[in-house]
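Novice:
Numbering (my numbering), first residue to last: 210 to 956.
Here it is, written out as structure tokens:
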């Protein structure tokens with residue numbers, strides 16, 4: 210924080226020379242993934258192509274009735290990291306077993322009653338899709354897999370219900386075979402997996418800490434665009450949090466390193482919010498104080514050196530010692546002192562306030578209080594950074610006797626779960642109705658593939674986009690399958706010859722999956738291509754079987770797209786409005802005196818919502834969406850300061866004359882729905898009242914608590930004043946009329 214930046218209570222205008230906009234990196238040609246793939250994409254494609262061919266070969270050798278499912282399983286569980294693949298494989302087996310049990314149960318309950326049979330399958334898929342919304346990562350995949358596995362087994366046994374157990378067993382055999390082949394090839398290609406996983410986890414946490422310290426430099430220096438930089442970090446934080454679970458799988462036997470890593474990310478989220486609150490206080494309070502300027506400049510220098518010092522593991526104790534030193538300075542200046550506490554033989558400390566001095570003017574007293582408030586804020590911000598570094602350091606090695614546990618709570622949406630369940634059930638009922646009316650010979654396969662696609666995308670945030678890409682991949686698989694079936698496979702007489710054609714076709718799908726732009730379509734390509742080839746031991750698929758069977762597959766994907774577009778379709782505007790209403794409802798609940806709030810819960814849920822908004826916004830969000838994202842960050846900060854006020858009241862150091870205005874503010878925060886300007890005025894009045902009490906108070910502890918209370922109330926008042934429209938949950942958000950904070954952050 211340079212002296213020129215903090216010379217007054219308001220940020221100085223940016224008089225620097227306008228820099229030309231940086232040139233955008235040249236976009237790679239669309240087919241560059243094909244002729245210039247990355248080494249990791251080549252390794253991924255080669256590994257899984259060999260695994261898929263191996264699975265098909267073993268299935269042929271075992272005389273299984275549908276060897277294609279073994280190869281489909283390989284591509285279904287194949288992920289770019291070994292931890293993801295192992296986790297998905299485990300949960301795929303769990304989902305398959307659950308789905309097989311459900312299929313046998315439903316078939317036994319309604320073997321010859323289609324108008325009971327199909328609604329029961331629809332109900333099962335709806336329940337699986339709904340409950341999958343409440344869990345994360347591949348646990349969600351296991352639930353939707355249980356749904357569509359039940360459908361696939363039931364459709365396969367519908368013509369002969371007595372054979373349902375054998376169909377379920379064969380389905381389970383394909384899954385286990387595919388999983389084992391993928392795991393076997395993964396072990397061959399994986400080298401030093403445990404050491405690599407630990408190094409990768411450490412690198413990701415380092416990147417999060419470096420990003421947040423860089424953002425704090427911008428916020429404390431009041432640089433233009435600092436708030437936009439802050440909001441982008443939440444998507445990164447949630448992505449890293451999801452990947453911690455997979456890193457734990459790759460580590461093998463481990464302690465609580467993952468829990469410490471999750472705690473470090475939670476501290477980083479709190480740190481970003483602290484920085485946002487600090488930026489607000491710099492907007493409101495006079496920060497032209499020599500002691501604060503000097504300390505802030507030293508802290509900025511420390512933060513700028515942080516990215517170079519953090520990678521050195523031996524430098525962590527020195528980092529923590531420096532932070533502790535800065536926190537001691539902040540505590541020193543944050544607390545008022547008696548004249549008798551300061552030794553007269555020492556040089557006076559600039560800006561240190563003796564609080565029994567009574568001949569100061571009111572303006573000088575307020576300036577000193579502003580300085581103490583800023584030091585309290587700065588000290589708490591450094592405390593969160595210290596906590597994040599400690600948890601990061603604990604995550605880098607196994608600690609003997611460590612029983613620490615931490616789980617970041619995520620957003621759970623009952624309405625979204627109901628919508629997902631209804632869409633899955635409707636897909637079954639619609640396709641079953643088509644089958645019953647038309648008596649289509651391939652209708653059962655049509656139903657099975659529709660449930661598979663709807664299950665895969667049931668819990669996606671934007672299933673319309675996902676299913677559209679899946680349809681493109683299905684069409685590509687159809688074209689390649691046509692070439693293989695009618696041009697190349699008629700000449701094949703042995704499995705070895707088959708792999709000469711099948712291997713390159715699968716390898717192309719693996720390369721496409723390693724490219725983000727084509728990953729969605731390649732998932733459909735790899736999953737459906739083996740099924741479209743009609744692989745069997747004793748004959749090659751003929752033209753009629755190819756066109757009838759694969760037309761049913763492509764139409765099933767098309768019906769899935771129609772279902773997601775027509776049945777409770779996804780709307781980003783409606784999603785933002787609903788997430789905002791949920792978040793504001795929880796904010797009001799935080800202020801309720803009968804509720805005990807937890808910072809970890811509030812941070813976890815809102816970090817998840819924050820990341821959703823950023824993903825919906827895309828790479829170039831519109832100004833309205835930018836304002837919505839900043840409003841979400843402001844609400845997160847507002848909630849954290851409400852929780853801190855509640856904690857302050859629970860300590861019971863404040864006198865009743867100070868507690869009453871704080872309780873009144875919390876009451877208006879809890880009850881406010883439309884008139885947030887009134888709640889802001891109440892908070893501002895509480896700040897004025899506490900300032901008066903601070904000037905009259907003589908007890909050191911009480912006065913320090915009053916300073917903390919004012920620190921939190923300043924942010925609450927400013928947030929509610931500058932975010933009135935966002936905090937009004939009764940109407941959609943169209944932007945803030947009072948956009949001073951947004952303008953100062955974005956320039």
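Note that the Cβ used here is the ideal one computed from N, Cα and C, for glycine as well.
Can you say whether residue 412 is buried or exposed, counting buried as having 16 or more other CB atoms within 10 angstroms of its CB?
Specialist: Here residue 412 corresponds to residue number 203 of the chain shown, with the count starting at 1. By the neighbour-count definition (other C-beta atoms within 10 Å, threshold 16), residue 412 is an exposed residue.
Novice: Does any C-beta atom of chain D lie closer than 8 Å to the C-beta of residue 468?
Specialist: You won't find chain D in this structure, because it holds only one protein chain.
Novice: Using a threshold of 8 Å, state whether the C-beta atoms of residue 478 and residue 841 are closer than that.
Specialist: The sequence position of residue 478 within the chain shown is 269, counting from 1. The sequence position of residue 841 within the chain shown is 632, counting from 1. Against a cut-off of 8 Å, the Cβ pair of residue 841 and residue 478 comes out as no contact.
Novice: So is residue 628 buried or exposed if we call it buried at 16+ other beta carbons inside 10 Å?
Specialist: Taking the first residue of the chain shown as 1, we reach residue 628 at position 419. Label assigned to residue 628: buried.
Novice: Only counting runs of 4 or more residues, tell me where the alpha helix (DSSP H) segments fall wholly within the region 885–956, in order along the chain.
Specialist: Fully enclosed alpha helix (DSSP H) runs of 4 or longer: 885–905, 909–931, 949–955.
Novice: Can you tell me the Cα-Cα spacing of residue 768 and residue 860, whole angstroms?
Specialist: Position 559 of the chain shown, counting from 1, holds the residue named residue 768. Position 651 of the chain shown, counting from 1, holds the residue named residue 860. Cα to Cα, residue 768 sits roughly 60 Å from residue 860.
Novice: Buried or exposed: residue 760, going by 16 or more other Cβ atoms within 10 Å of its Cβ?
Specialist: Translated into positions along the chain shown, residue 760 becomes position 551. Taking all protein chains in view, the Cβ of residue 760 is surrounded by fewer than 16 other Cβ atoms within 10 Å, so the residue is classified as exposed.
Novice: Is residue 485 buried or exposed, if buried means 16 or more other CB atoms sit within 10 Å of its CB?
Specialist: By one-based count along the chain shown, residue 485 stands at place 276. It counts as buried.
Novice: Given that a residue counts as buried once 16 or more other Cβ atoms are within 10 Å of its Cβ, and exposed if not, what is residue 804?
Specialist: On the chain shown, residue 804 is found 595 positions in, with the first residue counted as 1. When all chains shown are included, residue 804 counts as exposed.
Novice: Can you check which of these residues, 937, 865, 367, is closest to residue 796 by C-alpha distance?
Specialist: What you label residue 796 is simply residue 587 of the chain shown in a count that begins at 1. Residue 796 has its Cα closest to that of 937, out of 937, 865, 367.
Novice: Mind checking whether residue 634 and residue 354 have CB atoms under 8 Å apart?
Specialist: Here the question's residue 634 lines up with position 425 in the chain shown. Here the question's residue 354 lines up with position 145 in the chain shown. No; because the gap between Cβ atoms is not below 8 Å, this pair is not in contact.
Novice: Among residues of its own chain, excluding the 5 on either side of residue 821, which ones have a beta-carbon nearer than 8 Å to its beta-carbon?
Specialist: The residue you call residue 821 lines up with position 612 of the chain shown. Around residue 821: 620, 670, 784, 788.
Novice: Does the contact criterion of 3 or more C-beta pairs under 8 Å hold for the region 332–352 versus the region 265–281?
Specialist: no
Novice: Taking the alpha-carbon positions, what's the residue 324 to residue 646 distance?
Specialist: Residue mapping note: residue 324 aligns to position 115 of the chain shown, counting from 1. Residue mapping note: residue 646 aligns to position 437 of the chain shown, counting from 1. Each residue's Cα considered, the two are about 12 Å apart.
Novice: Could you check what DSSP says for residue 724 in three-state terms: helix, strand or coil?
Specialist: Locating residue 724 in the chain shown gives position 515, counting from the first residue. DSSP places residue 724 in coil when its eight states are reduced to three.
Novice: Helix, strand or coil, according to DSSP, for residue 604 in the structure here?
Specialist: To locate residue 604, count along the chain shown from 1; it is residue 395. Of the three classes helix, strand and coil, the one that applies to residue 604 here is coil, per DSSP.
Novice: Rounded to the nearest angstrom, what separates residue 495 and residue 489 at their Cα positions?
Specialist: Taking the chain shown and counting its residues from 1, one reaches residue 495 at position 286. Taking the chain shown and counting its residues from 1, one reaches residue 489 at position 280. Straight-line Cα distance between these residues: approximately 12 Å.
Novice: Identify whether residue 811 lies in helix, strand or coil by the three-state DSSP scheme.
Specialist: The sequence position of residue 811 within the chain shown is 602, counting from 1. Note: residue 811 maps to helix in three-state DSSP.
Novice: Check whether the region 298–310 and the region 583–601 are in contact - that is, three or more C-beta pairs closer than 8 Å.
Specialist: no
Novice: Go through its chain and collect everything with a Cβ distance to residue 757's Cβ below 6 Å, but skip five positions before and after it.
Specialist: Position 548 of the chain shown, counted from the first residue, corresponds to residue 757. Here the set comprises 651.
Novice: By the 10 Å Cβ neighbour count, where 16 or more other Cβ atoms means buried, how is residue 554 classified, buried or exposed?
Specialist: As a first step, residue 554 is located in the chain shown; it is residue number 345 there, counting from the start. Residue confidence is low: residue 554 scores 45 on pLDDT, short of 50, so the model does not pin down where it sits. No coordinate-derived value is stated.
Novice: How would you call residue 254, buried or exposed, if buried means at least 16 neighbouring beta carbons within 10 angstroms?
Specialist: The residue labelled residue 254 in the question sits at position 45 within the chain shown. Per the 10 Å Cβ criterion, buried.
Novice: Leaving out five residues before and five after residue 806 in sequence, what residues of the same chain have Cβ atoms less than 7 Å from its Cβ?
Specialist: Here residue 806 corresponds to residue number 597 of the chain shown, with the count starting at 1. Only 799, 852, 855 meet the Cβ criterion.
Novice: Would you tell me roughly how many angstroms separate the C-alpha atoms of residue 390 and residue 283, rounded to the nearest one?
Specialist: In the chain shown, residue 390 corresponds to position 181, counting from 1. In the chain shown, residue 283 corresponds to position 74, counting from 1. Residue 390 and residue 283: Cα-Cα distance of roughly 7 Å.
Novice: Can you give me the Cβ contacts of residue 941 inside the same chain, cut-off strictly under 6 Å, excluding the 5 residues immediately before and after it?
Specialist: In the chain shown, residue 941 corresponds to position 732, counting from 1. Taken in chain order, the residues that qualify are 786.
Novice: At what residues does the alpha helix (DSSP H) containing residue 650 begin and finish?
Specialist: On the chain shown, residue 650 is found 441 positions in, with the first residue counted as 1. From DSSP, residue 650 is part of no alpha helix (DSSP H); its letter is neither H nor E.
Novice: Hey, quick one: how far does the alpha helix (DSSP H) through residue 469 stretch, first residue to last?
Specialist: Taking the first residue of the chain shown as 1, we reach residue 469 at position 260. Here the alpha helix (DSSP H) through residue 469 covers 466–493.
Novice: Does the structure place the region 516–529 close enough to the region 863–880 that three or more beta carbon pairs sit under 8 Å?
Specialist: no
Novice: For residue 275, does the three-state DSSP call read helix, strand or coil?
Specialist: Translated into the one-based positions of the chain shown, residue 275 becomes position 66. Three-state DSSP puts residue 275 in coil, outside helix and strand.
Novice: So for residue 782, helix, strand or coil by DSSP?
Specialist: Within the chain shown, residue 782 is the residue found at index 573, counting from 1. Three-state result, residue 782: helix.
Novice: As a quick exercise: from 780, 668, 509, 909, pick the residue whose alpha carbon is nearest that of residue 427.
Specialist: Looking up residue 427 in the chain shown gives position 218. Looking at the Cα atoms, 509 is the closest of the given residues.
Novice: Here's a check: name, in chain order, each residue in its chain whose Cβ is nearer than 6 Å to the Cβ of residue 885, leaving out the five neighbours to either side.
Specialist: For the purposes of this step, residue 885 is identified with residue 676 of the chain shown, where counting begins at 1. For residue 885, where only same-chain residues beyond five positions count, the Cβ hits under 6 Å are 929, 933, 936.
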